[in-house]
Every structure is written in structure tokens, then in C-alpha cells.
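Residues in the sequence shown are numbered consecutively from 879, following the working numbering. Reading through the C-alpha cells given below for one structure.
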Amino acid sequence: IVHLCIEKDRLGFQVFNAVNDTITALEPTRPFLERWAPGTPIVGEIGEFEAPISNRKIREVLGFAESHDWRKYVTR
879 IVHLCIEKDR LGFQVFNAVN DTITALEPTR PFLERWAPGT PIVGEIGEFE
929 APISNRKIRE VLGFAESHDW RKYVTR
């Protein structure tokens, strides 16, 4: 991510959420939030394992693409 920022011309000061595309929990996002953060507002649609914090800005502005989905490396 830092490399993408350095390479981007005229970026100026920006704040990005450096998070995975998917939630880092074994259970789906909505049940996870209901269990561990009851009352958390969910605005709009959210994918089954979509991260509850968006990294959309870093994808759109810097062209970030997650290279390694943690689920490929962790087995239960």
C-alpha cells in the first residue's frame, strides 16, 4: 500500500483504510457484528464475508488489489 502511495502522482495528503477485502473472522460479517458489536449500524448491502470497514477508497484511488486472501492459508 505504501508503495502504491509513493508511485501515485499528485496524491497529496490522504487517509486510507488499510484493511482486507473480507472480514478476518471465520463467521460471516452480519452474524459476527450482531454477536461482537450489537447495535452496529449497517448502511447498505454487505457481502457475506465483506469487511465491515471499507477499503473502497484505496482500491479506487490507488488501484489496490488484495493479493493474498487469508482464507487460502488458514484451515480449520
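Using N, Cα and C, we set each Cβ at its ideal position, and we do this for glycine too.
Residue nearest to V893 in terms of C-alpha spacing, selected from L904, I901, V952 and K935: Locating residue 893 in the sequence shown gives position 15, where the first residue counts as 1. Shortest Cα-Cα distance from V893 to any of L904, I901, V952 and K935 involves K935.
Element boundaries [alpha helix (DSSP H), containing P909]: The residue labelled residue 909 in the question sits at position 31 within the sequence shown. Unbroken alpha helix (DSSP H) run through P909: T907 to W914.
Selection from P916, G925, E905 and H881 that minimises the alpha carbon distance to A896: Locating residue 896 in the sequence shown gives position 18, counting from the first residue. Minimum Cα distance to A896 is reached at H881.
Residue ranges of each alpha helix (DSSP H) within the region 887 to 946, 4 or longer: Runs found: 907 to 914 and 934 to 940.
Proximal residues to N933 (C-beta, below 6 Å), its chain only, five neighbours per side dropped: By one-based count along the sequence shown, residue 933 stands at place 55. Shown here for N933: same chain residues with a beta carbon closer than 6 Å to its own, the five before and five after excluded, namely N895 and V897 in chain order.
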